[in-house]
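For reference, the structure is listed below as structure tokens.
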Amino acid sequence: MTDGSAARWNNNIHYHRRILDAVPPGARTALDVGTGNGLLAADLHRRIPQVTAIDTDASVLESGTVSAAPTSRR
Numbered sequence: 000m001t002d003g004s005a006a007r008w009n010n011n012i013h014y015h016r017r018i019l020d021a022v023p024p025g026a027r028t029a030l031d032v033g034t035g036n037g038l039l040a041a042d043l044h045r046r047i048p049q050v051t052a053i054d055t056d057a058s059v060l061e062s063g064t065v066s067a068a069p070t071s072r073r
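In terms of numbering that gives the first Met the number 0, the sequence shown opens at residue 0 and continues consecutively.
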């Protein structure tokens, strides 16, 4: 999982492994609805070339955008 997430825990992080294990082979896109701080989107991006992450909270999106790799920002 994402660096530093081993020390963190919440219900969402708890299910990351289950979600990542459910990614079908050859998946090319993913949608993370309610991405929050983007931890799942970052983990998904390690397996899937195109991940779109959305959230209604602009402040968490801004912090996620700042920490995202330049090639994955839009």
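Glycine included, C-beta positions come from ideal geometry on N, C-alpha and C.
Alpha carbon to alpha carbon, what distance is there between residue j and residue i?
{"i": "L43", "j": "D56", "result": "20 angstroms"}
{"i": "D54", "j": "D20", "result": "23 angstroms"}
{"i": "H15", "j": "V50", "result": "15 angstroms"}
{"i": "L30", "j": "I18", "result": "12 angstroms"}
{"i": "A52", "j": "P23", "result": "19 angstroms"}
Hey, could you find the ends of the beta strand (DSSP E) residue i is sitting in?
{"i": "D31", "result": "T28 to V32"}
Quick check: residue i and residue j, are their CB atoms within less than 9 angstroms of each other?
{"i": "G25", "j": "V59", "result": "no"}
{"i": "T28", "j": "I12", "result": "no"}
Per DSSP, what kind of secondary structure is residue i in: helix, strand or coil?
{"i": "V50", "result": "strand"}
{"i": "A41", "result": "helix"}
{"i": "D20", "result": "helix"}
Any beta carbon of chain D sitting closer than 9 angstroms to that of residue i?
{"i": "I18", "result": "Absence of chain D from the displayed structure is noted, only one protein chain being present."}
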